[in-house]
Amino acid sequence: MSYSVSWNSDDRSRWSGHGGHRPFRQSERPPERRRPDRRTAATALIARELFRRGMAEHARFKDTGESRHLDTCIALLGRAVSRSLPGDPTLIASSNNLGVALFDRYKLGQRGAGAGPDPGDLDQALEHLLRAYRSSPPGSPTRARATSTLFDAYQARLARSEPLSGELERRLPSFKSLRREVSRTPGIAVQVRLRTAYESGRSAADGQGPAAGYRDLATAVELLPRALWGAREEMLGVLADHPRLASEAAACALDAGDTTRAVELLERGRAILWMQHTNPRPLREELQEEQPRLARRMDRVYAMLEPRIHTPAGSARSRVVPRDVRMEGLAGDGNPVVRAYHRLNAGLRGGTAGDPPLGDFEQQWEELVRRTRLDAPVLTEPNYETDLKPAADEGPVVYVNVSPWHCDALIARRDRAEPVRLPLPDLTAEDCRDRAERYMAAMTELTGTEREEAVRDVLDWLWRTVAGPVLNALELSSGTSRMWWVPTGPLTTLPLHAAAPQGSADGVSVLDLTVSSYTPTMHRLVTAREARDDPRGAPARHRRLLLVAPDTERLPATARVHARLRSLLPPDGLTVLAGPEACHDRVGAALREHVWAHFDCHAVQDPDDPLQSHLSLHDRPLTVSDLADLPTARAEFGFLAACATAAGGTLVLDEWVSLTAALMYSDFQTVVGTLWPVPDTPTARVARDVYEQLLNGPGQSQLTHTSSALALRNALVAERARRPDHPSAWVSFVHYGI
């Protein structure tokens with residue numbers, strides 16, 4: 001990304017309130033500036049006017065795409081550079097923008113315009129950009145712009161086959177060091193910083209081992225919250241470009257010996273990815289409602305840190321010195337030309353040496369972010385001890401991290417101060433992708449024996465590579481001990497909770513050895529428990545079950561579930577929206593007034609755009625973003641008896657973007673869903689078994705969801721006993737939450 005700048009009155013006023021450099025008083029001026037001769041002052045004003053005209057031509061080129069404006073711009077800025085005196089702030093601005101214009105002309109040639117790209121333009125661009133880079137004060141906006149554009153041009157030059165001249169190569173910084181500087185320089189677009197940090201980290205990790213990439217990849221994760229404040233479209237592009245960032249950063253942290261930091265990076269990266277892909281409202285808008293003054297301050301600081309391309313207004317008054325001015329007739333500081341020179345230099349110094357350090361704004365941003373902790377916790381760095389470890393209070397939480405270098409389980413336990421790393425040597429990222437693709441194909445394309453064999457093969461592989469080693473380390477054997485899985489990457493589409501070795505007798509499988517659930521993040525599990533333990537609870541009028549069934553004719557087995565629910569609950573404990581009544585608006589309104597919800601309907605899971613995955617209601621879909629943006633009445637339990645409600649997507653392989661997780665993020669404490677399509681009949685049996693365990697007895701309306709994980713486990717064991725040769729009928733049911 002290239003940045004061109006103009007030093008106009010707007011630039012000067014922008015810095016006036018933030019410690020910008022004030023004009024020198026007479027006594028403060030260096031000797032050479034106290035009484036500049038008239039020719040020096042006039043020359044500086046001429047250089048400034050040439051710069052202004054050149055920038056106006058560059059703006060016309062940007063508007064029209066006509067190369068003649070770019071040629072004129074280059075000629076004018078070249079004259080501005082030659083007219084500028086050493087130490088004149090105009091020289092830095094003119095050099096930087098001349099480099100930008102030459103680079104633009106080179107890129108225009110690459111696109112087939114004119115005679116094609118001229119390598120001379122690119123080398124000249126590097127010369128001028130290097131001058132601006134070397135001359136700009138570190139930490140200034142000018143240095144940030146010069147650094148970013150120099151990096152872009154340098155990258156383009158390295159892509160050519162011709163070698164750099166020896167002199168230019170000696171004067172340029174190394175490409176790796178410049179890329180790292182871009183990633184750590186405030187004032188460069190956060191998307192550019194994040195990309196270069198990621199590239200630096202991956203390059204170091206691939207070349208020298210994962211530990212070498214730790215610092216850069218951690219920097220990339222730390223930049224994600226800043227990107228959340230910007231344009232949603234740009235952020236979605238960043239996430240699509242780096243879907244495995246959090247997992248890769250965590251793997252590097254592990255090799256650097258920091259297990260705690262690995263979990264914190266996973267939490268922060270995954271929460272941000274998930275939030276951006278499911279929340280239809282930008283985080284900035286939400287904070288504006290909760291804390292408007294804080295949001296305004298963050299806007300101001302963000303504006304200082306994020307670059308903008310400044311185009312000089314065509315109507316700006318010219319300060320050019322007429323060609324026929326007789327310099328020898330002017331005298332001293334009292335002359336208007338010399339006064340104009342001082343005003344110009346003061347303003348230009350406000351854009352270079354006098355800039356407020358961008359590091360100050362970076363610190364202000366971090367302080368403001370800390371103040372958002374309650375209203376926007378996703379912006380803040382999670383602390384393992386206080387924010388994450390409490391998730392393990394009721395049983396271990398196991399992250400299964402998949403990376404290109406190695407795969408590991410990270411086990412959080414109540415009795416351990418730090419998470420425990422368990423290497424999984426038989427698990428590889430390539431195998432995960434291959435198994436996930438085969439499993440997806442089996443569940444959506446195969447039938448009969450082929451399908452069941454494919455499912456058993458995946459369950460056996462999951463046992464050997466992940467579940468078996470983890471349960472052995474946890475020493476779980478009672479069958480009632482709780483644990484939670486947090487899979488990453490392609491593992492998010494596979495049934496870890498049902499892993500079992502091929503040909504094993506009952507008693508040797510995850511279902512037999514533990515009661516396991518899933519959670520998108522550890523922090524989400526903590527907040528679900530906090531809601532459960534809140535003594536205020538939900539209003540009594542909301543302690544009802546909402547049953548949504550838009551298409552009962554095509555799902556005949558669900559009628560038996562409905563009949564059973566009516567027998568278990570009194571009339572005032574059940575609300576039924578069936579057929580035409582199960583429309584989008586009525587369902588949305590009803591979800592706000594019920595603590596339990598059961599959906600008997602079809603669902604559409606879009607693996608490449610999970611945001612469009614939805615439940616099919618009578619009139620229009622209820623999407624992931626609809627669910628995530630839905631205020632609920634302290635919702636406790638959701639059952640999605642629909643096809644493929646929990647499967648994630650291929651677009652964001654490091655996040656679990658699904659309908660089931662959407663309900664968790666819209667404040668449901670517990671959700672049951674399915675990974676893949678399940679026939680109507682086994683779905684009805686599993687749902688019936690779950691509700692019979694959760695409801696206290698016929699005719700009573702006390703809904704208790706806290707044992708729902710055990711209820712689902714028992715229902716799946718019963719279904720396995722009924723259909724031992726058809727695992728596809730029961731492995732897809734998953735439990736999220738407490």
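Mind the numbering: the sequence shown is residues 1 to 738 in full-length UniProt numbering, read in order.
No residue lacks a Cβ here, since even glycine has one placed at the ideal position from N, Cα and C.
Because the structure is a prediction, the values reported are computed rather than measured.
What do you reckon, are the CB atoms on Ala47 and Arg83 nearer than 7 Å?
Within the sequence shown, residue 47 is the residue found at index 47, counting from 1. Within the sequence shown, residue 83 is the residue found at index 83, counting from 1. In contact: Ala47 and Arg83 (Cβ atoms closer than 7 Å).
Can at least three beta-carbon pairs, one atom from the segment 439-454 and one from the segment 520-532, be found at a separation below 8 Å?
These segments do not touch.
Report buried or exposed for Ser658, applying the criterion of at least 16 other Cβ atoms within 10 angstroms of its Cβ.
Mapped onto the sequence shown, residue 658 falls at position 658. Its Cβ being crowded by 16 or more others within 10 Å, Ser658 is buried.
For Glu222, which of Leu695, Ala246, Asp415 has the nearest alpha-carbon?
The sequence position of residue 222 within the sequence shown is 222, counting from 1. It is Ala246.
Between Phe599 and the ligand FAD, is there a pair consisting of the residue's CB and a ligand heavy atom that are separated by less than 6 Å?
As for the ligand FAD, it is missing from this structure, which has no ligand bound.
Where Gln502 and Thr514 are concerned, what is the direct C-alpha to C-alpha distance, given to the nearest angstrom?
As a working mapping, residue 502 is identified with position 502 in the sequence shown. As a working mapping, residue 514 is identified with position 514 in the sequence shown. Cα to Cα, Gln502 sits roughly 19 Å from Thr514.
Going straight from the alpha carbon of Leu640 to that of Thr674, what length do you get?
Counting from 1 along the sequence shown, the entry for residue 640 is found at position 640. Counting from 1 along the sequence shown, the entry for residue 674 is found at position 674. C-alpha separation (whole angstroms): 7 Å.
Under 7 Å, do Gly109 and Ala125 count as touching if we go by C-beta distance?
Position 109 of the sequence shown, counted from the start, is the residue given in the question as residue 109. Position 125 of the sequence shown, counted from the start, is the residue given in the question as residue 125. Result no, Cβ atoms of Gly109 and Ala125 do not sit closer than 7 Å.
Just how far apart, CA to CA, sit Arg326 and Ala44?
Here the question's residue 326 lines up with position 326 in the sequence shown. Here the question's residue 44 lines up with position 44 in the sequence shown. The predicted model places Arg326 with a pLDDT of 27, which falls under 50 and marks its position as unreliable; any figure quoted below should be read in that light. Roughly 16 Å separates the two Cα atoms.
Give the DSSP-derived three-state secondary structure of Thr516 in the structure shown.
Here residue 516 corresponds to residue number 516 of the sequence shown, with the count starting at 1. Residue identity differs from the one stated: residue 516 is Ser in this sequence, not Thr. Note: Ser516 maps to strand in three-state DSSP.
Taking C-beta to C-beta, are His594 and Asp619 nearer than 7 Å?
Taking the sequence shown and counting its residues from 1, one reaches residue 594 at position 594. Taking the sequence shown and counting its residues from 1, one reaches residue 619 at position 619. Taking 7 Å as the Cβ cut-off, His594 and Asp619 do not qualify as a contacting pair.
Would you list the residues sitting across from Met483 in a DSSP beta bridge?
The residue given as residue 483 occupies position 483 in the sequence shown. Ser516.
Starting from Ser616, trace the beta strand (DSSP E) in both directions and tell me its first and last residue.
Taking the sequence shown and counting its residues from 1, the one referred to as residue 616 is at position 616. Here the beta strand (DSSP E) through Ser616 covers 614-616.
From what residue to what residue does the alpha helix (DSSP H) around Arg53 run?
Along the sequence shown, read from residue 1 onward, the residue named residue 53 stands at position 53. 38-64 is the extent of the alpha helix (DSSP H) around Arg53.
Alpha carbon to alpha carbon, what distance is there between Arg592 and Arg414?
Reading the sequence shown from its first residue, position 414 is the one you call residue 414. Reading the sequence shown from its first residue, position 592 is the one you call residue 592. The straight-line gap from Cα to Cα measures roughly 35 Å.
Taking DSSP as the reference, what is the three-state secondary structure of Ile272?
In the sequence shown, residue 272 corresponds to position 272, counting from 1. DSSP places Ile272 in helix when its eight states are reduced to three.
Can you tell me where the beta strand (DSSP E) holding Pro469 begins and where it ends?
In the sequence shown, residue 469 corresponds to position 469, counting from 1. It is not in any beta strand (DSSP E) - Pro469 instead sits in the alpha helix (DSSP H) that spans 468-474.
Check this for me: beta carbons of Glu636 and His735, under 7 Å apart or not?
As a first step, residue 636 must be located in the sequence shown, where it is residue number 636. As a first step, residue 735 must be located in the sequence shown, where it is residue number 735. It is not a contact, given that the beta carbons lie outside the stated cut-off.
Which word fits Phe175, buried or exposed, when buried means at least 16 other C-beta atoms lie within 10 angstroms of its C-beta?
On the sequence shown, residue 175 is found 175 positions in, with the first residue counted as 1. Under this definition Phe175 is an exposed residue.
Roughly how far, in whole angstroms, is the beta-carbon of Ala661 from the beta-carbon of His602, given that I think they are within contact range, below 8 Å?
Translated into the one-based positions of the sequence shown, residue 661 becomes position 661. Translated into the one-based positions of the sequence shown, residue 602 becomes position 602. At roughly 19 Å, the Cβ-Cβ gap does not stay under 8 Å, so Ala661 and His602 are not in contact.
Expressed to the nearest angstrom, what Euclidean distance is found between the alpha-carbon atoms of Leu574 and Trp596?
Position 574 of the sequence shown, counted from the first residue, corresponds to residue 574. Position 596 of the sequence shown, counted from the first residue, corresponds to residue 596. If I take the Cα positions, the gap works out to 9 Å.
Restricting to Cα atoms, I'd like to know which of Gly468, Gly359, Met55 is closest to Leu424.
Mapped onto the sequence shown, residue 424 falls at position 424. For Leu424, the nearest C-alpha among the options comes from Gly468.
Where do the N-terminal and C-terminal ends of the alpha helix (DSSP H) with Trp461 fall, by residue?
Stepping through the sequence shown from its first residue, residue 461 is reached at position 461. First-last of the alpha helix (DSSP H) with Trp461: 448-462.
What residue range is occupied by the uninterrupted alpha helix (DSSP H) comprising Tyr384?
Reading the sequence shown from its first residue, position 384 is the one you call residue 384. No alpha helix (DSSP H) holds Tyr384; DSSP gives it neither H nor E.
Go through its chain and collect everything with a Cβ distance to Pro31's Cβ below 6 Å, but skip five positions before and after it.
The sequence position of residue 31 within the sequence shown is 31, counting from 1. Per-residue confidence for Pro31 stands at a pLDDT of 42, beneath the threshold of 50, marking its modelled position as unreliable; no derived number is given.
For Asp88, count neighbouring Cβ atoms within 10 angstroms of its own Cβ and tell me buried if that reaches 16, exposed if not.
Locating residue 88 in the sequence shown gives position 88, counting from the first residue. Flag for Asp88 reads buried.
Thinking just about the alpha-carbon of each residue, which of Ala557, His542, Val400, Leu568 is nearest to the one in Leu494?
As a first step, residue 494 must be located in the sequence shown, where it is residue number 494. Among Ala557, His542, Val400, Leu568, the Cα nearest to that of Leu494 belongs to Val400.
Could you name the residues of the same chain whose beta carbon sits closer than 8 Å to that of His523, not counting the 5 residues immediately before and after it, in chain order?
The residue labelled residue 523 in the question sits at position 523 within the sequence shown. So the list reads Glu267, Ala271, Pro377, Pro382, Asp387, Leu388, Ala391, once near-sequence residues are dropped.
What residue from Leu422, Pro487, Val397 has the CA that sits closest to Cys432's CA?
Your numbering for residue 432 matches position 432 in the sequence shown. Of Leu422, Pro487, Val397, the residue nearest in Cα terms is Pro487.
Which value, in whole angstroms, describes the spacing of the CA atoms of His598 and Val686?
Working through the sequence shown from its first residue, we reach residue 598 at position 598. Working through the sequence shown from its first residue, we reach residue 686 at position 686. So the alpha carbons of these two residues sit roughly 13 Å apart.
State the DSSP-derived secondary structure class of His602, mapped to helix, strand or coil.
In the sequence shown, the residue the question calls residue 602 occupies position 602. Coil, per DSSP.
Pro621 lies in the beta strand (DSSP E); which residues open and close that run?
In the sequence shown, the residue the question calls residue 621 occupies position 621. Per DSSP, Pro621 belongs to the beta strand (DSSP E) from 621-623.
Please check if any C-beta of chain B sits within less than 7 Å of the C-beta of Thr519.
Checking the listed chains, one finds no chain B in this structure; it contains a single protein chain.
Just curious, the alpha helix (DSSP H) that Ala442 is in, first and last residue?
Position 442 of the sequence shown, counted from the first residue, corresponds to residue 442. Here the alpha helix (DSSP H) through Ala442 covers 429-445.
According to DSSP, Thr72 sits in a beta bridge with which residue or residues?
Residue 72 sits at position 72 when you count from the first residue of the sequence shown. Thr72 pairs with nothing; no bridge assigned.
Alpha carbon to alpha carbon, how far is Phe733 from Thr444?
By 1-based counting over the sequence shown, the position of residue 733 is 733. By 1-based counting over the sequence shown, the position of residue 444 is 444. Approximately 16 Å between the Cα atoms of the pair.
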